[in-house]
Amino acid sequence: MINPTRRLLVAAAAALGLAALAAPALPAHAEETLVVGAYPANPPWENKTPDGGFEGFEVDLAKGIAERLGMKIEFQDLGFQALFAAVSSGRIDMAISSISITNDRLKNQAFTQGYYDSDMALVANGDTSMKSLADVKGKTLGAIATSVGEAWIKTNTDKYGIAEYKSYDTQQNLLLDTQSGRVDGAVGDIAGFQFAFTKMKGMKVVDVIPTGDKFGIMLRKGSPLLEKVNDAISAMKKDGTLEKLHEKWLGAPAAPTSAVNTVLPIPQAQ
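According to mature numbering (1 follows the signal peptide of the UniProt record, and there is no 0), the residues represented by the sequence shown are -30 to -1, 1 to 240, in order.
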């Protein structure tokens, strides 16, 4: 004869087992770990350390956000193009990598407020004959695939008479080809180029291309984290954290009216 108490314990255990089977499984990172995608060959914004870790302006920014949200953080090494699909599919919670906020991107993704004013530049080998954008006629220019630099070249090919465009997967390969003369010039984020030139000699900024764009953190449409992440960025602007990151990684204070120091609304598609 089965002990009544034991019978109740067995029944309770069975009920708990059925409940566990019926409950939907939660992702391993749900409400615990902020999963951040990053294209790590992108100093001073993101870079891989010799031990496989991540460092850079936006890496520190993401860590600060996770700390304010009370979450752990995990970085995933992804190519720049792969960041967009990874965000949309939910593989990662958000993406960093000097991603400019554009109206086209806002139609498919969500972005936090901007935290850096992202002007671009035309750069070339120090021996180049080019002195301004007017001199790119008949030249071959390169940029990182799907970047705003690529978009600028494609939009302005006819206007400036650009002869050919070459797409690159990494900034390192883009700049090595520019340095060696395989392409006449490169178009991209000016801060990233200037940081690279501290280690890569014989290169120069030919012309600055004002854009009015800003870098933001990219999340999927409808992400429940958007407002929380945006609020954390606002707090980091107000308490001077972002200003300190600017000085640490870019070597100079940001302008008081720049996106580094100005709280902005969450951008919307127009």
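Glycine included, every Cβ here is placed at the ideal spot set by N, Cα and C.
Could you tell me whether the Cβ atoms of V93 and F163 are closer together than 8 Å? Result yes, Cβ atoms of V93 and F163 sit closer than 8 Å.
As a quick exercise: from G186, T211, L220, K208, pick the residue whose alpha carbon is nearest that of I236. I236 has its Cα closest to that of G186, out of G186, T211, L220, K208.
Measuring alpha carbon to alpha carbon, tell me which of N95, G34, P10, E44 ends up nearest F167. Nearest option by C-alpha distance: N95.
Nonlocal neighbours in the same chain, by C-beta distance under 8 Å from L220, ignoring five residues either side: If we look at L220 and ignore the five residues flanking it on each side, its Cβ neighbours are P14, F27, A161, F165.
Per-residue burial, R152 [other beta carbons within 10 Å of its own, 16 or more giving buried]: Exposed: under 16 other Cβ atoms inside 10 Å.
With contact counted as at least three CB pairs below 8 Å, one residue from each stretch, are the stretch 55 to 72 and the stretch 123 to 137 in contact? The stretch 55 to 72 vs the stretch 123 to 137: no contact.
Based on DSSP bridge pairs, tell me the residues matched to K18. In DSSP, K18 forms a bridge with F24.
Check this for me: beta carbons of G60 and A113, under 8 Å apart or not? In this structure, A113 does not lie closer than 8 Å to G60 by Cβ.
Given V178 as reference, the closest of Q141, A104, R75 once Cα atoms are compared: Ranking Q141, A104, R75 by Cα distance to V178 puts A104 first.
Limits of the unbroken alpha helix (DSSP H) element including E44: First-last for E44: 42 to 47, but that is the beta strand (DSSP E), not the alpha helix (DSSP H).
Residue span of the alpha helix (DSSP H) that contains T3, given as start and end: No alpha helix (DSSP H) contains T3, which is instead part of the beta strand (DSSP E) from 3 to 8.
One question on the structure: do K42 and E16 come within less than 8 Å of each other, judged by their Cβ atoms? Between K42 and E16, the CB-CB gap reaches or exceeds 8 Å.
By alpha-carbon positions, which one of D74, N73, Q79 ends up nearest to S58? In terms of Cα proximity to S58, the closest of D74, N73, Q79 is Q79.
Per DSSP, the bridge partner or partners of E134: Paired residues: T110.
Let me check understanding here. Comparing Cα to Cα, which of S228, G84, V29, L111 lies closest to K184? Just measuring C-alpha positions, the residue of S228, G84, V29, L111 sitting nearest K184 is G84.
What number of angstroms, rounded off, separates the C-alpha of L189 from the C-alpha of F24? Roughly 20 Å between the two C-alpha positions.
Go to N95, then tell me how far its alpha helix (DSSP H) extends in each direction, as first and last residue. Going by DSSP, N95 is part of no alpha helix (DSSP H) but of the beta strand (DSSP E) stretching over 90 to 95.
How would you call residue 245, buried or exposed, if buried means at least 16 neighbouring beta carbons within 10 angstroms? Lying before the first or after the last residue shown, residue 245 is absent from the chain, which here runs from -30 to 240.
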